[in-house]
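**Q**
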Amino acid sequence: MSSDITNRPIGVFDSGIGGLTVLKEILRVLPDENTIYLGDTARVPYGIRSPETVIRYSFENTKFLSFKDIKILVIACNTASSVSLDAIKSRVSIPVVGVIEPGAKAAVMATKNKKIGVIGTEATIKSNAYTKAMKAINEEVEVFCLACPLFVPLVEEGWTEGHIASMVAEKYLAGFKNKDIDTVVLGCTHYPLLKKVIAEVMGAGVRLIDSAIEISQEITVILEDLGMKREKKSPSFREFYVTDSPERFLNVGEKFLGQQIEHIEKINVGN
Ligand code: DGL
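The C-terminal residue of the sequence shown carries number 279 in my numbering, and the numbering is unbroken.
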């Protein structure tokens, strides 16, 4: 265990590669922090699973990262944040942040007409977590939710622009037409990579909320408040762990993260 708490890493987990969009933002805002990322690539996707299963996976991921002596736990996965945040908070003694609340807060602040759209995986949408979080801030907001399951494989295939991405976005987001929505929450780790296409379909007047950006601000505030923010004395480290072969994670992941991935190891979190 490090004697200086600031040197302890930020632990981030996701169902797979997508959470690297969150890590990318964390590293942009907090480049001097040490980080450990766990992608549960053997059990992805979480977005089609039951809350019980996602909670069990989230506990196992948390247990693995806790052994790594992390100072704060970041649940980068929207699906896992939607269903397991409270359960995890009650189990660990370090601060835990999920992506839902920061995204919800930013959306409520951004909307002018109080009509907000949320897009996410089936499990995230079914959980109603974004709606509950937004209504807790301002019960007058009207929230429209849409599951867009094809967006995840589309992004993993690298088809983030062009004809096919536009067609899929048109088809899904037609559900938001005539609702007068002025703000849309990108409620899934993969969707920031489709920002351009989604913005084109929704039109210039609609504000897109990227939970990855919002959660990074929240982490910064928590670390500063608790005196846990690391000042650069020596180079920071990045460690990556996956539960399936690292090959695919490396190929696609560097695009998500926008930098090279080194120090990657395959581990088993289930036992
Ligand atoms: N990481 C998931 C999320 O943000 C998307 C991929 C999955 O379904 O596991 O909801």
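The C-beta atom is built at its ideal place from N, Cα and C for all residues, glycine as well.
Out of V104, G211, S174 and I78, which one is the CA nearest neighbour of R238?
**A** Mapped onto the sequence shown, residue 238 falls at position 230. That would be I78, whose Cα lies nearest to the Cα of R238.
**Q** Mind checking whether I56 and K76 have CB atoms under 8 Å apart?
**A** Here residue 56 corresponds to residue number 48 of the sequence shown, with the count starting at 1. Here residue 76 corresponds to residue number 68 of the sequence shown, with the count starting at 1. It is not a contact, given that the beta carbons lie outside the stated cut-off.
**Q** I'd like to know if the stretch 132-142 and the stretch 102-119 are in contact, where contact means that at least 3 CB-CB pairs between them fall below 8 Å.
**A** Enough Cβ pairs lie closer than 8 Å, so yes.
**Q** Nearest CA to the CA of A88: which residue from F257, G183, F67 and R36?
**A** Position 80 of the sequence shown holds residue 88. A88 has its Cα closest to that of F67, out of F257, G183, F67 and R36.
**Q** Pick out whichever of L154, V209, L35 and I223 has its Cα sitting closest to the Cα of G170.
**A** Working through the sequence shown from its first residue, we reach residue 170 at position 162. Per the Cα distances, V209.
**Q** I want to know whether the stretch 114-124 touches the stretch 243-257 - three or more CB-CB distances under 8 Å.
**A** Too few Cβ pairs lie closer than 8 Å, so no.
**Q** Helix, strand or coil for A131 per DSSP?
**A** Counting from 1 along the sequence shown, the entry for residue 131 is found at position 123. Looking at A131 - three-state DSSP - the assignment turns out to be helix.
**Q** Measuring straight from C-alpha to C-alpha, what distance separates S242 and E255?
**A** By one-based count along the sequence shown, residue 242 stands at place 234. By one-based count along the sequence shown, residue 255 stands at place 247. Those two C-alpha atoms are separated by around 30 Å.
**Q** Between G27 and C85, is the Cβ-Cβ spacing less than 8 Å?
**A** Here residue 27 corresponds to residue number 19 of the sequence shown, with the count starting at 1. Here residue 85 corresponds to residue number 77 of the sequence shown, with the count starting at 1. Yes; because the gap between Cβ atoms is below 8 Å, this pair is in contact.
**Q** For the structure I just gave you, are there three or more beta carbon pairs, one from the stretch 216-231 and one from the stretch 147-159, closer than 8 Å?
**A** No, the stretch 216-231 does not touch the stretch 147-159.
**Q** Can you give the Cα-Cα distance for S101 and S74, rounded to whole angstroms?
**A** Position 93 of the sequence shown, counting from 1, holds the residue named residue 101. Position 66 of the sequence shown, counting from 1, holds the residue named residue 74. Going by the C-alpha atoms only, they are around 10 Å apart.
**Q** Find out if the Cβ-Cβ distance for the pair K204, L194 is shorter than 8 Å.
**A** To locate residue 204, count along the sequence shown from 1; it is residue 196. To locate residue 194, count along the sequence shown from 1; it is residue 186. Cβ atoms of K204 and L194: not closer than 8 Å.
**Q** Straight-line CA distance for E150 to F184?
**A** Translated into positions along the sequence shown, residue 150 becomes position 142. Translated into positions along the sequence shown, residue 184 becomes position 176. Those two C-alpha atoms are separated by around 12 Å.
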